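Asker:
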Amino acid sequence: MDLNILWFILVTVLFTGFFFLEGFDYGVGILLPFVGRNDLERRMVINSIGPFWDSNEVWMLTAGGAMFAAFPHWYATLFSGFYLALFLILVALILRGVAFEFRSKDEKPAWRNLWDWLLFVGSLLPALLWGVAITNLIRGVPIDARMQFAGTFFDLLSPYTLLGGLAFLLVFTLQGGLFLALKSEGELKERSRQAALRAGAGAALALLLLVIMSYGVTDIFSRFLPGILLGSAFITLLLSLAGLYTRRYGPGFLMNGLTVILVTAGFFSGLFPRVMVSSLNPEWSITIYRAASSPYTLKVMTVVALTLVPIVLAYQGWTYWVFRQRVKARDLEY
Amino acid sequence: MDALLLARWQFGITSVYHFLFVPLTLGLSILVAIMETIYVRTGDETYKNMARFWGRLFLINFAMGVVTGIVQEFHFGMNWSEYSRFVGDIFGAPLAVEALAAFFLESTFLGLWIFGWEKLSPALHAACIWLVAFASNLSAFWILVANSFMQEPVGFTLRNGRAEMTDFFALLTNPHVLYQFPHTVLAGFVTAAFFVMGISAYHLLRQSQLEPFRRSFRLALIMGLIGSLLVAGIGHLQGQHLVATQPMKMAAAEALWDSADPAPLALVALVDQENQQNNLEIKIPALTSFLAYNSFRGEVKGLKELQAAAAEQYGPGNYIPPVAPVFWSFRLMIAAGLWLILLSLYSLYLWRKGLLESRPLVLKALLWSIPIPYLANTAGWFVAEVGRYPWIVYGLQRLEAAVSPGVSATAILTTLVAFTLLYGLLAVVDVYLLAKYARQGVVEQPPAGKMHPSGEVSLWI
Numbered sequence: 093m094d095l096n097i098l099w100f101i102l103v104t105v106l107f108t109g110f111f112f113l114e115g116f117d118y119g120v121g122i123l124l125p126f127v128g129r130n131d132l133e134r135r136m137v138i139n140s141i142g143p144f145w146d147s148n149e150v151w152m153l154t155a156g157g158a159m160f161a162a163f164p165h166w167y168a169t170l171f172s173g174f175y176l177a178l179f180l181i182l183v184a185l186i187l188r189g190v191a192f193e194f195r196s197k198d199e200k201p202a203w204r205n206l207w208d209w210l211l212f213v214g215s216l217l218p219a220l221l222w223g224v225a226i227t228n229l230i231r232g233v234p235i236d237a238r239m240q241f242a243g244t245f246f247d248l249l250s251p252y253t254l255l256g257g258l259a260f261l262l263v264f265t266l267q268g269g270l271f272l273a274l275k276s277e278g279e280l281k282e283r284s285r286q287a288a289l290r291a292g293a294g295a296a297l298a299l300l301l302l303v304i305m306s307y308g309v310t311d312i313f314s315r316f317l318p319g320i321l322l323g324s325a326f327i328t329l330l331l332s333l334a335g336l337y338t339r340r341y342g343p344g345f346l347m348n349g350l351t352v353i354l355v356t357a358g359f360f361s362g363l364f365p366r367v368m369v370s371s372l373n374p375e376w377s378i379t380i381y382r383a384a385s386s387p388y389t390l391k392v393m394t395v396v397a398l399t400l401v402p403i404v405l406a407y408q409g410w411t412y413w414v415f416r417q418r419v420k421a422r423d424l425e426y
Numbered sequence: 135m136d137a138l139l140l141a142r143w144q145f146g147i148t149s150v151y152h153f154l155f156v157p158l159t160l161g162l163s164i165l166v167a168i169m170e171t172i173y174v175r176t177g178d179e180t181y182k183n184m185a186r187f188w189g190r191l192f193l194i195n196f197a198m199g200v201v202t203g204i205v206q207e208f209h210f211g212m213n214w215s216e217y218s219r220f221v222g223d224i225f226g227a228p229l230a231v232e233a234l235a236a237f238f239l240e241s242t243f244l245g246l247w248i249f250g251w252e253k254l255s256p257a258l259h260a261a262c263i264w265l266v267a268f269a270s271n272l273s274a275f276w277i278l279v280a281n282s283f284m285q286e287p288v289g290f291t292l293r294n295g296r297a298e299m300t301d302f303f304a305l306l307t308n309p310h311v312l313y314q315f316p317h318t319v320l321a322g323f324v325t326a327a328f329f330v331m332g333i334s335a336y337h338l339l340r341q342s343q344l345e346p347f348r349r350s351f352r353l354a355l356i357m358g359l360i361g362s363l364l365v366a367g368i369g370h371l372q373g374q375h376l377v378a379t380q381p382m383k384m385a386a387a388e389a390l391w392d393s394a395d396p397a398p399l400a401l402v403a404l405v406d407q408e409n410q411q412n413n414l415e416i417k418i419p420a421l422t423s424f425l426a427y428n429s430f431r432g433e434v435k436g437l438k439e440l441q442a443a444a445a446e447q448y449g450p451g452n453y454i455p456p457v458a459p460v461f462w463s464f465r466l467m468i469a470a471g472l473w474l475i476l477l478s479l480y481s482l483y484l485w486r487k488g489l490l491e492s493r494p495l496v497l498k499a500l501l502w503s504i505p506i507p508y509l510a511n512t513a514g515w516f517v518a519e520v521g522r523y524p525w526i527v528y529g530l531q532r533l534e535a536a537v538s539p540g541v542s543a544t545a546i547l548t549t550l551v552a553f554t555l556l557y558g559l560l561a562v563v564d565v566y567l568l569a570k571y572a573r574q575g576v577v578e579q580p581p582a583g584k585m586h587p588s589g590e591v592s593l594w595i
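Just so you know, the protein sequences line up as chains A and B, in that order. The first sequence begins at 93 in the numbering used here and counts up by one. The second sequence begins at 135 in the numbering used here and counts up by one.
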């Protein structure tokens, strides 16, 4: 296996980690206005992800950084080509990030309400737009012979990619609902379950449609693995819903987490060895060889990544252990 | 307006704005860590309350630093895609390492620190904020490694139409970063020190909560005094290094049009860029030579000669950066630095004599000096970045070759306006919150309730 393949896998792993971890905290943000009926409940909802959301977001930054370091042309084409979509994600993440810190720093209900809604929008938009972005990678966008994006923002919006966005959004919302059901008690838990059931039904439908549509719109099923992965994703989603229905939130959460992993792995493996498909000419698709850094850089970065990633996983895992308890009304920070 | 100009404005505005929050993070995390460590070692609750008070201000500031930092990472791909293609091999690596080695550490242990007061042992909790402080400063190192490559490219070769890395270690030991890193980080310590001194002075002035703010003031004074002296000393060395490696930048900083031996230093000058001359100059003879070489003799090359040399080496074109902004920023930075040194020396003198609290004028000066380090930081970056014009990577790639070819001016203008408005609004909110909590002062923390182990969440039930 050459280093280009290894780095494709590493970038996939980083995006998977990002969607797996930040997926549930986006979901919690999306559910905030629906499950939190009063200020105390909303604080509890926000505090359930309080210790985690920031380090979850770093998974996205690391995925972006790794893409830049290992596949600079991928980074350059993707980020300049999906310009307005990424701009919207940035605005959403700015508002979301400060909302966490600012919302409880003032007593006025209007102030808190404003930041709560910004937290909602700031969670919903990235969840949706990342789904649109990932499905655009495999559907193909106008990329010319010089690896330049030759389209507009509206080229990114098609029924297929919008469905992709919706599917990501609903799967993340389900994940958020499951997480909240795990972390809360009483009425809040019950309301989270209800919300998760509704989002989950939508997620199952959207994912099924997405898999079916992928047959028609993309070429990812020309190989064996992506089909297996996406098919399994649908099954784990159903298992997750079964867990939710029978109030076994832990297994439900893990099963839906597996869905996120399988969907991401399915799409990225369908993409391989390309990183972006050109809709103009298959020859112009960007591949892990055309997009890559020099072998030397890949080697240096491999040493760095293989040293640091296990350490990061260890201390992040420890964080989840430290904050394993349910959220209590008496020790809220946000 | 063309896309290049708009992209430059956007990068300038978002970077300057981002760097309003970073320096305070670098220094304040350390001050909070010191306070909490004293609490752990002595059991003195005042220090715990101090750590929580300054920690709250730290978090309000930190949130802004984080969210504006995300924009910076995406920028290179969005507006500067050709730059990203040309140097991605080299530039992407430190950014990725920054995320892997520093951001993860910073965000994870900050989460533990914020939510872990009752869940971790005091020593472990203090260790968390030390890790945050370490990670913040480590992240500054990696980003400055990346920036230093733009100022002084090392460890690369030109191949396949791009700059390829040949020596990672050379990037880490880039002579430029060896000056820039301590200069920038210490400037952050000074920023935090004057932030703490200023707010403490406010409370000393009002005679409120004297004990915690006396202690805060003392800690910050030490950091501010040592920091500001070191910043100036390293800045001097950095200037000498730049005279050798980026002579155009330093000639612009001195508005020196003609080479001279010895070269005078213009205290003030009306720069006439078009006619390549200065009007109404007030000069001190030989001082620029002295600053450059520690000797009153020695030739310092002027802008005209450097322009001619650059045109010969790189082909025809304008290689002179906008002189007046660089010249004045340089002076602003140095004046601000001198003011901070004098103010901290005088404060130390008054403190030792026990007179500080009876000098309302000095206390007010300290309060009103909170923005001065921010001015100095911004001016310093202005010299560094505008002085690099017309290069995005010094001597390797020019700005116009770096901009994204597929992104329209309209798209950049839209996002530029939106970012500026959003940042402006957030600045108001942030200052409102900082002022509100700074004024409120150190509040005694009620003892938090203990957790019941029965509330544990199991993933398997």
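Ideal Cβ positions, reconstructed from N, Cα and C, are used throughout, including at glycine. The model shown is predicted, which means the values in this text are computed figures rather than measured ones.
Whole-angstrom Cβ separation of Val324/B and Gly295/B, contact assumed at under 8 Å?
Answerer: Val324/B to Gly295/B, Cβ: 43 Å. No contact.
Asker: Looking at Ala554/B: is its Cβ nearer than 8 Å to the Cβ of Val150/B?
Answerer: Residue identity check: residue 554/B is Thr in the sequence provided, not Ala. No; because the gap between Cβ atoms is not below 8 Å, this pair is not in contact.
Asker: With a floor of 4 residues, list each alpha helix (DSSP H) that falls wholly inside the segment 223-293 of chain A, ordered by position along the chain.
Answerer: Entirely contained in the segment 223-293 of chain A, the alpha helix (DSSP H) runs reaching 4 residues are, in chain order, 251-275.
Asker: Are the CB atoms of Phe329/B and Ile504/B within a distance shorter than 8 Å?
Answerer: Cβ distance < 8 Å, so Ile504/B and Phe329/B count as in contact.
Asker: Would you please verify whether the beta carbon of Pro580/B is less than 8 Å from any beta carbon of chain A?
Answerer: Model confidence at Pro580/B stands at a pLDDT of 49, short of 50, so the residue's coordinates are unreliable; what they give is reported in the following sentence. Judged by the 8 Å Cβ criterion, Pro580/B is not in contact with chain A.
Asker: Using the beta-carbon of each residue, which ones in chain B are nearer than 7 Å to Thr389/A?
Answerer: Going along chain B in sequence order, the residues near Thr389/A (Cβ under 7 Å) are Asp223, Ala227 and Met299.
Asker: To the nearest angstrom, how far is the alpha carbon of Leu102/A from that of His259/B?
Answerer: Using only the alpha carbons, I get a separation of about 32 Å.
Asker: Between the C-alpha atoms of Thr291/B and Asn452/B, what's the straight-line distance to the nearest angstrom?
Answerer: Cα to Cα, Thr291/B sits roughly 25 Å from Asn452/B.
Asker: Cβ closer than 7 Å: which chain B residues qualify as neighbours of Asp247/A?
Answerer: By Cβ distance, chain B contributes nothing, its closest Cβ being about 12 Å from Asp247/A, past 7 Å.
Asker: Rounded to whole angstroms, what's the CA-CA distance from Ser592/B to Leu280/A? Just pull it up for me.
Answerer: Low confidence applies to Ser592/B: its pLDDT is 38, below 50, so where it sits in the model is not reliable, and the reading given next is rough at best. Approximately 18 Å, taken between the alpha carbons.
Asker: Are any of the Cβ atoms in chain B nearer than 8 Å to that of Gln408/A?
Answerer: Yes, because at least one Cβ of chain B sits closer than 8 Å to the Cβ of Gln408/A.
Asker: Are the C-beta of Phe153/B and some C-beta of chain A separated by less than 8 Å?
Answerer: No, because no Cβ of chain A sits closer than 8 Å to the Cβ of Phe153/B.
Asker: For Phe313/A and Ser306/A, which I take to be in contact (beta-carbon distance under 8 Å), what is that distance rounded to the nearest angstrom?
Answerer: With a Cβ gap of about 7 Å, Phe313/A and Ser306/A count as contacting.
Asker: Could you check whether the Cβ of Met198/B sits closer than 8 Å to any Cβ belonging to chain A?
Answerer: Yes - at least one Cβ of chain A is within 8 Å of the one on Met198/B.
Asker: Are three or more beta carbon pairs between the segment 216-234 of chain B and the segment 384-399 of chain A nearer than 8 Å?
Answerer: Touching, yes, given that three or more Cβ pairs across the two stretches are closer than 8 Å.
Asker: Which residues in chain B have a C-beta closer than 7 Å to the C-beta of Glu193/A? List them in chain order.
Answerer: Neighbours of Glu193/A on chain B, chain order: Leu193, Ile194 and Ala197.
Asker: Using three-state DSSP, classify Ile141/A as helix, strand or coil.
Answerer: Helix, per DSSP.
Asker: Considering only the beta carbon of each residue, do Asn213/B and Ala141/B sit closer than 8 Å?
Answerer: Yes, these two residues count as a Cβ contact at 8 Å.
Asker: For Ser370/A, name the three-state secondary structure that DSSP assigns.
Answerer: It is a strand residue.
Asker: Please list the partners that Tyr475/A has in chain B, where partner means a Cβ-to-Cβ separation under 7 Å.
Answerer: There is simply no residue 475/A to check, as chain A begins at 93 and stops at 426 in what is shown.
Asker: Going along chain A, which residues have a C-beta under 7 Å from Pro539/B?
Answerer: What Pro539/B touches in chain A: Gln240.
Asker: Using three-state DSSP, classify Ala536/B as helix, strand or coil.
Answerer: Reduced to three states, the DSSP call for Ala536/B is coil.
Asker: Specify the secondary structure class of Lys182/B as computed by DSSP and reduced to three states.
Answerer: If DSSP states are grouped into helix, strand and coil, Lys182/B belongs with the helices.
Asker: Is the CB-CB distance between Phe144/A and Gly245/B below 8 Å?
Answerer: In this structure, Gly245/B lies closer than 8 Å to Phe144/A by Cβ.
Asker: Note down, in chain order, every chain A residue with its Cβ under 7 Å from the Cβ of Ala545/B.
Answerer: Going along chain A in sequence order, the residues near Ala545/B (Cβ under 7 Å) are Tyr175 and Leu176.
Asker: Counting only Cβ pairs nearer than 7 Å, list the residues of chain A close to Ile204/B.
Answerer: Correct list: Leu153, Leu182 and Leu185.
Asker: Please name the residues in the segment 117-133 of chain A whose beta-carbon is closer than 9 Å to at least one beta-carbon of chain B, in chain order.
Answerer: Here the close residues number zero.
Asker: Quick check on the DSSP output: the beta strand (DSSP E) that includes Met299/B runs from which residue to which?
Answerer: Looking at the DSSP string, the run of the beta strand (DSSP E) that includes Met299/B is Arg296 to Met299.
Asker: On the three-state DSSP scale, how would you describe Thr291/B?
Answerer: Looking at Thr291/B - three-state DSSP - the assignment turns out to be strand.
Asker: Please say whether Met239/A and Ile327/A have beta carbons closer to each other than 8 Å?
Answerer: Contact flag unset, no.
Asker: Of all Cβ atoms in chain A, is any one closer than 8 Å to the Cβ of Leu593/B?
Answerer: Low confidence applies here, because Leu593/B scores a pLDDT of 39, under 50, leaving its location unreliable and the question unanswered by this model.
Asker: Once you ignore the five residues that flank Ala37/A on each side, which residues in its own chain have a CB closer than 6 Å to its CB?
Answerer: This structure does not reach residue 37/A, given that chain A is present from 93 up to 426, and the question cannot be answered.
Asker: I'd like to check one pair, Ala155/A with Leu106/A: are the Cβ atoms closer than 8 Å?
Answerer: It is a contact, given that the beta carbons lie within the stated cut-off.
Asker: Give the list of continuous beta strand (DSSP E) stretches no shorter than 3 residues that lie fully inside the segment 357-403 of chain A.
Answerer: Fully enclosed beta strand (DSSP E) runs of 3 or longer: 366-368.
Asker: Spatial neighbours of Met467/B within its chain, please: C-beta separation below 7 Å, excluding the five flanking residues on both sides.
Answerer: Here the set comprises Ala510, Ala513, Gly514 and Val517.
Asker: Please report the straight-line C-alpha distance between Arg231/A and Tyr341/A, rounded to a whole angstrom.
Answerer: Taking the straight line from one Cα to the other gives about 34 Å.
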